[in-house]
Amino acid sequence: MTLLPALAGRLGLPGLLLALAACAEPPPELPVNTRLGGDFTLTDHRGEPFQLADQRGRVVLMFFGYTHCPDICPATLARVSQVYRNLKEAGDAERVQPLFITFDPRRDTPEHLSEYVPWFKANVIGLTGDEEQIRAVAEQYGVVYLQSADDGSGYDFTHSDYVYLLDQQGRVRKLYPSDFDIDEVIHDVQSLL
Amino acid sequence: MMYKAFFNALTGAALLALAGAAAADDLVLEDAWLRAVPPVSPTMAGYFTLRNDGDQAVELIGAKTDIAGMAMLHDTETTDDGQARMVHLSGITLEPGDEATFAPGGKHLMLMKVDTIPEAGESVEICLTFRDREDLCGDFPVRREAP
Ligand SMILES: [Cu+2]
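Taken in order, these protein sequences are the chains called A and B. Note that our numbering has the first sequence beginning at 1, numbered continuously upward. Note that our numbering has the second sequence beginning at 1001, numbered continuously upward.
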């Protein structure tokens, strides 16, 4: 109870009202991660070249995976899609872009991705390329992945599963674990719009 | 001890009646579901809780279902630096009173070589297989999100 007048004094009353309306505290600005990131060119699920730099002016939610993975990858895609749909309801969809980059270009061709990503109904762009291109992007973003030996039932990947938040200039602002809190991500995205 | 056994039996019966759980003797399968995936996917993951209310240890060794060419018990291991990988579990022993939870990001039922991916809202019968005891079958509803 004594906190409110104290805060009101510091922020001024309009500031306080604004803060309460938003999320009860002024959001600390997300730091720019200078060690990770950078522009890249891959191929999208329509078979068109995709350059990250063309997303300037949009906040990007980006993550890596492969479509033959049944547990974590679809769960992450579903959560990112939920974030997107909530942002769409808030009228922010135009300025947000989810990206899904595959580790598995051999199986995840543009054709295959074009049957996979639209199912999530969140305007997700699926990205593939040749092995060197993907390895280079993974390196830029500090993603480690390792393909397992094929045991007859196919192969899969050991991989890091972070979700990357990029600001409107394409800079990395935050990493989330794959079981991130949906409201936290929505809040962070909106702080960058 | 007797009270506890009675209470467990009662809880088991109540859950069976209320939640539509599948039980064989004293093994209870609950919260079963399959994650909906795009029709083009060759694999699906299933989740459930299995509780041993009996007085004998049981060993879960696998699963089978008509929709998949192969079904396996998998675990997703995550290391400290955020690396995830799937490993095959050859068996899980449940002592009396033990419970095994298969949940996203951890242990899961891995269905491979799925011919026709079922849609959200459909339900699939999957049978869990055990060492030296009969299968325990249950319906796994297909859902887009965790219940
Ligand atoms: Cu698996």
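In this text, a Cβ means the ideal position worked out from N, Cα and C, and glycines have one as well.
- The shortest C-alpha to C-alpha distance from Tyr-145/A to any of Val-80/A, Gly-91/A, Thr-102/A and Asp-44/A is the one to Thr-102/A.
- The three-state secondary structure of Tyr-1047/B, taken from DSSP, is strand.
- About 6 Å separates the Cβ atoms of Gly-37/A and Gln-140/A, confirming a contact at the 8 Å cut-off.
- Of all residues in the segment 1098 to 1111 of chain B, the ones placed with a Cβ closer than 7 Å to any Cβ belonging to chain A are Pro-1104, Gly-1105, His-1108 and Met-1110, in chain order.
- When the Cα atoms are used, Asn-1052/B and Val-1058/B turn out to be separated by approximately 8 Å.
- Taking Asp-183/A as reference, the option from Leu-87/A, Glu-132/A and Tyr-162/A with the minimal CA-CA separation is Leu-87/A.
- Ordered by chain, the residues meeting the criterion of a beta-carbon within less than 5 Å of a non-hydrogen atom of ligand 1 are His-1074/B, Met-1086/B and Met-1110/B.
- Here Ser-160/A is bridged, per DSSP, to Gln-1083/B.
- Closer than 9 Å to the CB of Thr-1043/B there is at least one CB belonging to chain A.
- Residue-level contact check: Glu-1059/B does not touch chain A, since none of the beta carbons of chain A fall below 9 Å from its beta carbon.
- Look at the segment 56 to 80 of chain A: the residues with a C-beta under 8 Å from a C-beta of chain B are Thr-67, His-68, Cys-69, Pro-70, Asp-71, Ile-72, Pro-74, Ala-75 and Ala-78.
- Within chain B, no C-beta atom comes nearer than 7 Å to that of Ser-191/A; the closest sits roughly 24 Å away.
- Rounded to the nearest whole angstrom, the C-alpha separation of Pro-98/A and Val-189/A is 11 Å.
- A distance of 9 Å or more separates the beta carbons of Asp-39/A and Arg-1085/B.
- For a Cβ distance threshold of 7 Å, nothing in chain B lies close to Asp-44/A: the least Cβ distance comes to about 17 Å.
- In chain order, Leu-42, Ile-101, Thr-102, Phe-103, Pro-105 and Thr-128 place their CB closer than 8 Å to the CB of Ile-134/A, counting only its own chain and leaving out the 5 sequence neighbours on each side.
- Each residue's CA atom was taken as its position, placing Gly-142/A and Val-1028/B some 43 Å apart.
- Asp-1139/B is bridged by DSSP to Glu-1125/B.
- Taking 9 Å as the threshold, the shortest C-beta distance from Gln-1056/B to chain A does not fall below it.
- Looking at the backbone, the Cα of Ala-75/A and that of Gly-1054/B are separated by about 34 Å.
- Taken through DSSP and simplified to helix, strand or coil, Ala-1100/B comes out as strand.
- Around the beta carbon of Pro-1104/B, a 10 Å sphere encloses 16 or more other beta carbons of the protein chains shown; the residue is thus reported as buried.
- The beta carbon of Cys-73/A sits closer than 6 Å to the beta carbons of Gly-65 from its chain, once the five residues preceding and following it are set aside; these are given in chain order.
- When C-alpha distances from Glu-1077/B are compared across Gln-169/A, Asp-161/A, Phe-180/A and Glu-131/A, the shortest belongs to Asp-161/A.
- Around the beta-carbon of Arg-79/A, 16 or more other beta-carbon atoms lie within 10 Å, marking it buried.
- Taking one beta carbon from each stretch, the segment 1095 to 1104 of chain B and the segment 1038 to 1052 of chain B have 3 or more pairs nearer than 8 Å; the two touch.
- Pairing Ala-1071/B with Arg-1143/B gives a Cβ-Cβ distance that is not under 9 Å.
- For chain B, the residues of the segment 87 to 120 of chain A that bring a beta carbon within less than 7 Å of one of its beta carbons are His-112, Glu-115, Tyr-116 and Trp-119, in chain order.
- For Pro-98/A, the enclosing beta strand (DSSP E) has its first and last residue at 96 to 102.
- Neighbours of His-159/A in chain B, taken as residues at a C-beta separation under 8 Å, are given in chain order as Gln-1083, Ala-1084 and Arg-1085.
- For Tyr-145/A, the enclosing beta strand (DSSP E) stretches over residues 145 to 147.
- In terms of CA proximity to Asp-151/A, Val-1087/B leads the group Asp-1139/B, Val-1087/B, Gln-1056/B and Asp-1031/B.
- For Tyr-116/A, there is no enclosing beta strand (DSSP E); the enclosing alpha helix (DSSP H) has its first and last residue at 110 to 116.
- When Cβ-Cβ separations below 9 Å define contact, Val-1037/B makes contact with chain A.
- Leu-1136/B and Asp-1115/B have their C-alpha atoms spaced approximately 23 Å apart.
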